[in-house]
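Data block below; observations after.
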Amino acid sequence: MRDSSVAFSVTTLHIFSWFILIFLFIFLLIMHKGTTGRKVMHTIIRIWYFVVMYTGGALYIQKMFSSDAIVYLVKILFGLSFLLLAELTIMRANKQKKIEKYLFAMSILMLIMMTIGFYLPLGMNLLNK
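Here the sequence shown is numbered in the numbering used here, starting from 21 and rising by one per residue.
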């Protein structure tokens, strides 16, 4: 009983950290360019990267010996790719370069990660209903 409640709380924290990260990312992109608030927001987003990676790593450690371990590992690779694209998008936006291709790639990665997340046992399992 304790194991599933701990897994649920880490899963909830991981999902919550993703929502916060995406909210901060969108907020940063719509902020006026050249303000000092953008630099502070970028620093906060970088801190949230570590929160997302920590909670994702904790989920992987809990399930690394399960039959779905390779799926969790693939999801980690997609997640790291997403975070890399987010950072590249912010850097390009700061230099006032086009970011549409990066945003499109990020949205595709997000859909893939959500689909994998719903498929996994710790997810909501919406695909099987």
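Beta carbons are placed, not taken as given, at the ideal position from N, Cα and C, and that holds for glycine. Keep in mind it's a predicted model, so treat the numbers as computed, not measured.
Separation of residue j from residue i, as counted between CA atoms
i: S189; j: F102; result: In this structure the chain extends from 21 to 149, so residue 189 is not present and cannot be described.
i: L97; j: R66; result: 18 Å
i: P141; j: F70; result: 24 Å
i: G54; j: F124; result: 24 Å
i: K83; j: L48; result: 34 Å
i: E120; j: R112; result: 10 Å
i: G76; j: M133; result: 12 Å
i: I46; j: V91; result: 28 Å
Cβ-based neighbour list, residue i, same chain, cut-off 6 Å, excluding 5 preceding and 5 following
i: Q116; result: none
i: I136; result: K95
i: I128; result: none
Close beta carbons around residue i, own chain, < 8 Å, minus the five adjacent residues each side
i: M126; result: F102, L105, A106 and T109
i: K118; result: R112
Cβ shell of residue i (< 7 Å), same chain only, five flanking positions each side left out
i: M130; result: F102
i: M73; result: none
i: I64; result: L44
i: M155; result: With the chain running from 21 to 149 in the structure shown, residue 155 is simply not present.
i: Y122; result: L105, L108, T109 and R112
i: A89; result: K83
Integer Cβ distance of residue i from residue j, believed to fall under 8 Å
i: W68; j: S29; result: About 18 Å; that fails the 8 Å criterion.
i: T31; j: L79; result: 6 Å
>> I'd like the ranges of any alpha helix (DSSP H) spanning at least 4 consecutive residues and lying wholly in the segment 34–113.
In response: Complete alpha helix (DSSP H) runs here, min 4: 56–83.
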